[in-house]
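First the structure, in the form of structure tokens, and then the observations on it.
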Amino acid sequence: MSHNLLSRRTFMIASAGVGGALLLPSAAKAQINTLPFLVVGDWGDPNQGAQRAVASAMGDVAAQMHAGFVISTGDNFYHGGVDSIGDPQWRETFESVYSAPSLQTPWYAVLGNHDYDGSPSAEVAYTRESSRWRMPSRYWREDMNLPDGARATFFFLDTTPITMLSGVRDAVPQADFGARDQVMWLERVLASCTSDWKIVVGHHPIFSSGRHGPSAALAHHVRPLLERYGVQAYFNGHDHDLEHLQFNGVDYICSGSGSETRDVRPVPESRFALAQNGFVACNLSRDALQVMFLNAGGETLYDVALDRV
1 MSHNLLSRRT
11 FMIASAGVGG
21 ALLLPSAAKA
31 QINTLPFLVV
41 GDWGDPNQGA
51 QRAVASAMGD
61 VAAQMHAGFV
71 ISTGDNFYHG
81 GVDSIGDPQW
91 RETFESVYSA
101 PSLQTPWYAV
111 LGNHDYDGSP
121 SAEVAYTRES
131 SRWRMPSRYW
141 REDMNLPDGA
151 RATFFFLDTT
161 PITMLSGVRD
171 AVPQADFGAR
181 DQVMWLERVL
191 ASCTSDWKIV
201 VGHHPIFSSG
211 RHGPSAALAH
221 HVRPLLERYG
231 VQAYFNGHDH
241 DLEHLQFNGV
251 DYICSGSGSE
261 TRDVRPVPES
271 RFALAQNGFV
281 ACNLSRDALQ
291 VMFLNAGGET
301 LYDVALDRV
């Protein structure tokens, strides 16, 4: 692993107004033989001007990188989800906000706890109505071929039901929605996956420097699977900040500040944590996953290359 801004053991924690931020590194712009994509979370609040600022920066960066898709780490609609595929929030919070031509690419979105306050099935159903919204099921996998011939598999989870498995509830009035079946599915597909890269995406954190902190249930049920089956990275939201953490060979990337921010405090696994609106930009190749944390002005705050193990 190599760090552009910080050494391996350095932890950076700051608040809005970090000095010395860099513009998008030239190495992060359009590259041959990489798979570029963006990650944003906890964005669905049309009353937050920060959401539009982040969306604007995402459009600029996606154009520079020729990003092929966007991953949403959940809490897509505040504060009560959507009630149908005709809910006006689809237009007000998603379609009219992320309107840059460079963002008219597939959006692979997972459900967050606030999405469960509305209709999760409506977010699944919108996949059939939209040219870019991708949520074919509450959890699923996507296999992708990289330009350099490598293969990556993304596993998209519905973590809210899983948080209930150890008695941890997160504002979900319904049953567990097949959480145990989902965990068994994850183990089965991870065990059989032969891709060069295995990347898991969920809403809730397994490690966190943020206000919510880690999910005990995910740490119990999901983290051992990541370590056992060679998952290199786990992307999440829920905590409204930007973070990079490491534990037992897995890198944990939080992109949860698409519209709001909350304070962060370091934990032993923290490598970078920042309470600032922003998103993550990635370049994936056979040998490395480059992860760049950017703010709403499109400035690079932290840049790390994660070597494939």
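The numbers in this note's numbering rise by one with no breaks, and the one at position 287 of the sequence shown is 287. Here a beta-carbon is modelled for each residue, glycine too, at the ideal position from N, C-alpha and C. Since the structure is predicted, the reported quantities are computational estimates derived from the model, not experimental observations.
Assuming GLU269 contacts LEU245 under a Cβ cut-off of 8 Å, what Cβ separation, rounded to an integer in Å, is found between them?
Indeed they touch by this definition, with Cβ atoms about 4 Å apart.
_On the CB-based measure, 16 or more other CB atoms within 10 Å of its CB, does HIS66 come out buried or exposed?_
Flag for HIS66 reads exposed.
DSSP three-state label for PHE77, please.
Per DSSP, reduced to three states, the secondary structure at PHE77 is coil, with no helix or strand assignment.
Any alpha helix (DSSP H) of 4 or more consecutive residues that is wholly inside the region 150–229 | Uninterrupted alpha helix (DSSP H) stretches at least 4 residues long and entirely within the region 150–229 occur at 159–162, 179–192, 216–221 and 223–228, given in chain order.
task = Counting only the same chain and skipping the five closest in sequence on each side, list residues whose C-beta sits under 7 Å from that of ARG223.
result = ILE206.
Discussion item. Could you compute how far the alpha carbon of GLN51 sits from the alpha carbon of ASP148?
Written reply: One C-alpha to the other measures close to 34 Å.
When DSSP builds the beta bridges, which residues end up paired with PHE319? With the chain running from 1 to 309 in the structure shown, residue 319 is simply not present.
Contact check, SER119 vs ASP83, beta carbons under 7 Å:
Going by C-beta atoms, SER119 is nearer than 7 Å to ASP83.
Using a Cβ distance threshold of 8 Å, determine whether the region 197–205 contacts the region 227–243, with at least three qualifying pairs required. Yes: at least three Cβ pairs fall under 8 Å.
In this structure, how does DSSP classify VAL250 when only helix, strand and coil are distinguished? In this structure, VAL250 counts as strand in the three-state DSSP scheme.
Out of HIS221, TYR252 and GLY178, point me to the one whose CA is closest to SER208's CA. It is TYR252 whose Cα lies nearest to the Cα of SER208.
Practice task
State buried or exposed for ALA191, treating a residue as buried only when at least 16 other CB atoms are found within 10 Å of its CB.
Solution key: Label assigned to ALA191: exposed.
Just to confirm the assignment, what range does the beta strand (DSSP E) spanning GLU142 have?
Where GLU142 is concerned, the enclosing beta strand (DSSP E) starts and stops at 140–145.
What are the residues that DSSP puts in a beta bridge with TRP292?
It should be noted that the sequence gives Met, not Trp, for residue 292. DSSP lists ALA281 and ASP303 as partners of MET292.
I'd like to check one pair, THR153 with CYS193: are the Cβ atoms closer than 7 Å? The Cβ atoms of CYS193 and THR153 sit closer than 7 Å to each other.
- Query: In this structure, does DSSP put TYR108 in helix, strand or coil?
  - Reply: When DSSP states are grouped into helix, strand and coil, TYR108 belongs to the strand group.
TODO: Taking the CB atoms as reference points, tell me whether GLY237 and THR73 lie closer together than 7 Å.
DONE: One thing to note: GLY237 has its Cβ within 7 Å of the Cβ of THR73.
- Query: Which partner residues of ASN236 appear in the DSSP bridge assignment?
  - Reply: Paired residue(s): CYS254.
task: For ALA21, I'd like the list of residues in its chain whose CB is within less than 6 Å of its CB, leaving aside the five on either flank, ordered along the chain.
output: The predicted model places ALA21 with a pLDDT of 42, which falls under 50 and marks its position as unreliable; any figure quoted below should be read in that light. Answer for ALA21: GLU299 and LEU301, listed in chain order.
Next on the checklist: Using only the alpha-carbon positions, how far apart do PHE293 and ARG271 sit?
Outcome noted: Cα to Cα, the separation comes out at about 12 Å.
Where do the N-terminal and C-terminal ends of the alpha helix (DSSP H) with SER270 fall, by residue? Premise fails: SER270 lies in the beta strand (DSSP E), 270–275, not in any alpha helix (DSSP H).
Check your understanding: Just how far apart, CA to CA, sit ASN277 and TYR229?
Key -> If you take the alpha carbons of ASN277 and TYR229, they lie about 33 Å apart.
* Under the assumption that VAL110 contacts LEU157 (Cβ atoms under 8 Å), give the Cβ distance between them as a whole number of angstroms. => Contact between VAL110 and LEU157 holds, since their C-beta atoms are separated by about 6 Å, short of 8 Å.
Q) For ASN113, which of ASP181, ASP239 and HIS220 has the nearest alpha-carbon? A) Nearest option by C-alpha distance: ASP239.
**Report entry** Alpha-carbon to alpha-carbon, GLU187 and ASP181
**Finding:** Straight across, the Cα-Cα distance linking ASP181 with GLU187 is about 10 Å.
- Task: Assign ILE32 to one of two classes, buried (16 or more other C-beta atoms within 10 Å of its C-beta) or exposed (fewer than that).
- Result: Per the 10 Å Cβ criterion, exposed.
Quiz prompt | Reduced DSSP secondary structure (H/G/I, E/B, other) of ARG308 | solution = Looking at ARG308 - three-state DSSP - the assignment turns out to be coil, as it is neither helix nor strand.
Can you tell me whether ASP170 is buried or exposed? The criterion is at least 16 other CB atoms within 10 Å of its CB, across all chains shown. Unreliable positioning characterises ASP170 in this predicted model, as indicated by a pLDDT of 47, which lies under 50. The coordinate reading is nonetheless provided below. In the assembly as shown, ASP170 is a buried residue. Its beta-carbon has 16 or more other beta-carbons within 10 Å.
| request: Would you mind sorting VAL326 into buried or exposed? The rule is 16 or more other CB atoms within 10 Å of its CB. | output: The displayed coordinates of the chain run from 1 to 309. Any statement about residue 326 would go beyond what the structure contains.
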